[in-house]
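A.B. asks: When you line the sequence shown up against our numbering, it's residues 82 to 447, in that order.
Cβ atoms here follow ideal geometry from the backbone N, Cα and C, with glycine treated the same way.
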Amino acid sequence: MTQHLTHTGLPDGMSRWQFFGLIERGRRQLGLSKGAIAYLKVAISNTMDEDFLAGRICSFWTSVTKIAAQAGLDRRQIARIEGDLIKRGLLAKSASDHSRRSGCRKYGKIGNEFGINLAPLIAQAAEIQAAARKAAFEEEEAERLRIRIKKLFGDIRRLCLDGAMAAAEEILPNRRPSTIQSFERLRQVAEALEAVWEDFSAEISRGEKSHQCDISPALNTSEKNINKTCRSEGRQSGQPVRTSPAHAALLASESLREIIELYWNALDNRGSLSWRTIHMAAKDRAVQLGIGSKAWQRHCGVLGEERTALCLMIADRNSERLDGYRVRDAAAAFIGMARSEARQSAVINSLLGELIGNVGGLRNGA
Numbered sequence: 082m083t084q085h086l087t088h089t090g091l092p093d094g095m096s097r098w099q100f101f102g103l104i105e106r107g108r109r110q111l112g113l114s115k116g117a118i119a120y121l122k123v124a125i126s127n128t129m130d131e132d133f134l135a136g137r138i139c140s141f142w143t144s145v146t147k148i149a150a151q152a153g154l155d156r157r158q159i160a161r162i163e164g165d166l167i168k169r170g171l172l173a174k175s176a177s178d179h180s181r182r183s184g185c186r187k188y189g190k191i192g193n194e195f196g197i198n199l200a201p202l203i204a205q206a207a208e209i210q211a212a213a214r215k216a217a218f219e220e221e222e223a224e225r226l227r228i229r230i231k232k233l234f235g236d237i238r239r240l241c242l243d244g245a246m247a248a249a250e251e252i253l254p255n256r257r258p259s260t261i262q263s264f265e266r267l268r269q270v271a272e273a274l275e276a277v278w279e280d281f282s283a284e285i286s287r288g289e290k291s292h293q294c295d296i297s298p299a300l301n302t303s304e305k306n307i308n309k310t311c312r313s314e315g316r317q318s319g320q321p322v323r324t325s326p327a328h329a330a331l332l333a334s335e336s337l338r339e340i341i342e343l344y345w346n347a348l349d350n351r352g353s354l355s356w357r358t359i360h361m362a363a364k365d366r367a368v369q370l371g372i373g374s375k376a377w378q379r380h381c382g383v384l385g386e387e388r389t390a391l392c393l394m395i396a397d398r399n400s401e402r403l404d405g406y407r408v409r410d411a412a413a414a415f416i417g418m419a420r421s422e423a424r425q426s427a428v429i430n431s432l433l434g435e436l437i438g439n440v441g442g443l444r445n446g447a
C-alpha cells in the first residue's frame, strides 16, 4: 500500500516551506480558503524536509483535535477542510474515518502510516508555481489599475460636463479603488471608466467640430483620393503577417512574455502557441501601458487582431532598447505605428525585420 503513497519530489532546490509559500501566494488562484491555508501550514509543519525527497512517503498522522488546536480552528472546521482538500485531489487519506491515526519512522524515513498523505499536493507543484506567478502578476497589475482609476476620475472631473461624474460615480460610488480587492473587479471598473471618459470627451470633440464647420476647408472628395485611401486600407487589413506566434513571443518584451506564459497555460494548454494567446496577452499589456480598450478595439477593426498585437509587441520591445530605435512612450509609439500601418503597406514587416536583426545581434542595443 505504501508504494502508492510515494511521490516524485519537489522541483530541484525548492524546500517544503518555499513550497508552502507558493501555495499561500497563489491561494485565490487555487481556490483555497484561509482555513485551508492554516490547515496546510500545520500539515507541513508536522512533516520533515526528508519527506519531500523523491521516492519518499510524505504524510502526517496528527489527530484532528491537535490539528484544530495548532491551526486555531475547531474540529468541525478541520473535518470540512480536510474533506474538501481530499475531494479536490490535493490530499489522500490512508486512515479510515473512525480509526486512530498512526505511523512510524525508521532513521527519519516513514515506514508506514495511517493518516493524511501529501503526495497529491506535491504532484501539483508545477500548477502551484503557475498560480503563484499569476498571483504576483495580478498584484502588480492591480496596483497599476488603481492608479489608472484615480487618474480617470481626475480626467472625467476636468471635462466639466453634467452627467460625466455622475456616470463615473455609478461605477464606483466612493471613488476609492483601494477598497476593491478583486483583480477582475478592478479591471471592470477601469474599463467602464475609460468608456465614460471616451464617450464624454467624444461629445466635446463633436461640439468643437460643429462650431468650426463654417471655417474648415472643404474635404478632398476627388475620386482619385477616395480610391487611393480605400484601396490602401483594404489591402492593408487583408495582408497576412510574416511571422508565427512562437516567433512573436521570442521577440516580445520580458513583461509581455510573462503575460503570454499565463495565457499559453490557460488557452493552449502549453501546446502550440496560438495567435489568440498572443492577442489576449498583447491586449492585457496594452492596458498596463495605458491604452484604452476602445482604442485597442478600433485598431483591431482596421488592422485585424494579429497585426494590432504585433504593433504593440514592437512598440513595447523598442521601449526597452538602448540604441537609436528606442522609444520613450510605448503607448504613443503603438498608436503612431498602428496609424502608419493603416495608411501604408509593410510598416510592420519592415519594423519586424529590423527588430529581428537587433535581437539576433546584428545591432547593438537592448
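1) Would DSSP call Gly184 helix, strand or coil?
2) Quick one: measure Cβ to Cβ for Ile148 and Ala117, integer angstroms, because I've assumed they're closer than 8 Å.
3) Tell me the rounded alpha-carbon separation between Leu134 and Gly90.
4) Take Trp142 and list the residues in its own chain whose beta-carbon comes closer than 6 Å to its own, dropping the five residues that flank it on each side.
5) Using CA coordinates, which residue listed in Leu86, Phe264, Glu275 is at the minimum distance from Glu250?
6) For a minimum of 3 consecutive residues, which ranges assigned as the beta strand (DSSP E) are wholly contained in the stretch 239-289?
7) Using only alpha-carbon positions, find the residue among Arg257, Arg266, Leu240 that is nearest to Glu279.
8) DSSP three-state call for Ala135: helix, strand or coil?
9) What residue ranges within the stretch 97-136 form continuous alpha helix (DSSP H) runs of no fewer than 4 residues, ordered along the chain?
10) Consult DSSP for Met198 and reduce its assignment to one of helix, strand or coil.
11) Looking at the structure shown, is Asn193 part of a helix, part of a strand, or coil, going by DSSP?
12) Work out the CA separation of Gly352 and Thr302 for me, nearest whole Å.
13) Assuming Asn198 contacts Ser177 (C-beta within less than 8 Å), just tell me the rounded distance between them.
14) Taking its Cβ as the centre, do 16 or more other Cβ atoms sit within 10 Å of His179, making it buried, or is it exposed?
15) From the DSSP output, in three-state form, read off Thr89 for me.
C.D. replies: With the structure as the only source:
1) To locate residue 184, count along the sequence shown from 1; it is residue 103. Reduced to three states, the DSSP call for Gly184 is strand.
2) Within the sequence shown, residue 148 is the residue found at index 67, counting from 1. Within the sequence shown, residue 117 is the residue found at index 36, counting from 1. Going by Cβ atoms, the distance from Ile148 to Ala117 rounds to 12 Å, so no, they are not a contact pair.
3) Mapped onto the sequence shown, residue 134 falls at position 53. Mapped onto the sequence shown, residue 90 falls at position 9. Going from the Cα of Leu134 to the Cα of Gly90 covers about 5 Å.
4) Counting from 1 along the sequence shown, the entry for residue 142 is found at position 61. Excluding positions up to five away in sequence, the list reads Arg182, Ser183, Gly184, Glu194, Gly196.
5) Within the sequence shown, residue 250 is the residue found at index 169, counting from 1. It is Glu275.
6) The DSSP assignment places no complete run of the beta strand (DSSP E) inside the stretch 239-289 (cut-off: 3 residues).
7) Within the sequence shown, the letter at position 198 stands for residue 279. Of the listed residues, the one whose Cα sits closest to Glu279 is Leu240.
8) For this step, residue 135 is matched to residue 54 along the sequence shown. Three-state result, Ala135: coil.
9) 97-106, 108-111, 115-126
10) For the purposes of this step, residue 198 is identified with residue 117 of the sequence shown, where counting begins at 1. In the sequence as presented, Met is not what sits at residue 198; that position holds Asn. Here Asn198 sits in strand by DSSP.
11) For the purposes of this step, residue 193 is identified with residue 112 of the sequence shown, where counting begins at 1. Asn193 falls in the strand class under three-state DSSP.
12) Locating residue 302 in the sequence shown gives position 221, counting from the first residue. Locating residue 352 in the sequence shown gives position 271, counting from the first residue. Interpretation of Thr302 is limited by its pLDDT of 41, a score under 50 that renders its predicted location unreliable; the figure taken from the coordinates is listed afterwards. Whole-angstrom Cα-Cα distance: 51 Å.
13) Residue mapping note: residue 198 aligns to position 117 of the sequence shown, counting from 1. Residue mapping note: residue 177 aligns to position 96 of the sequence shown, counting from 1. Contact between Asn198 and Ser177 does not hold, since their C-beta atoms are separated by about 14 Å, which reaches or exceeds 8 Å.
14) Residue mapping note: residue 179 aligns to position 98 of the sequence shown, counting from 1. Counting Cβ neighbours within 10 Å, His179 comes out exposed, since fewer than 16 surround it.
15) Position 8 of the sequence shown, counted from the first residue, corresponds to residue 89. Three-state DSSP puts Thr89 in coil, outside helix and strand.
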